[in-house]
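Data block below; observations after.
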Amino acid sequence: MRVLLFFDLPMETPKERYFYNRFRRSLLKEGFIMQQKSVYTKLALNSSSVNLIKSRIKKDLPPNGLVQVLVVTERQFSSVDTFIGEVHYSNLDSTDRLIIL
1 MRVLLFFDLP METPKERYFY NRFRRSLLKE GFIMQQKSVY TKLALNSSSV NLIKSRIKKD
61 LPPNGLVQVL VVTERQFSSV DTFIGEVHYS NLDSTDRLII L
């Protein structure tokens, strides 16, 4: 089973940024892996471990914002199609001694 966690948290004030960072660090400490900016996943062995993960998430919830949890099977998760567009990087490699950005 996979636990997919989606969140949308406010980050306008310093206090909101603090709660965002604290929640994100708790997800990483819990073993979640970032799939996208606000989408994290974690592998769970069975439904009892899913319930344990959910209870730990509830414990670390920030006071504001939206957090959603979706549980899917490995078969469903493996059927995800990933599409990647062109990635553009600005080339900063240069032999010049002075680079003005």
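In UniProt numbering, the protein residues as written are 1 to 101. Using N, Cα and C, we set each Cβ at its ideal position, and we do this for glycine too.
- Straight-line spacing of the CA atoms in K59 and T73 works out to 25 Å.
- The beta carbons of V69 and I84 sit no closer together than 8 Å.
- When the Cα atoms are used, Y40 and K15 turn out to be separated by approximately 23 Å.
- By DSSP's assignment, T73 forms no beta bridge with any residue.
- Pairwise C-beta distances place the segment 43-53 out of contact with the segment 15-28, as fewer than three of them are shorter than 8 Å.
- Burial state of V80 is exposed, judged by a 10 Å Cβ sphere holding fewer than 16 other Cβ atoms.
- The Cβ atoms of G65 and L9 sit closer than 8 Å to each other.
- Using a 10 angstroms sphere on the CB of P62, the tally of other CB atoms reaches 16 or more, which defines it as buried.
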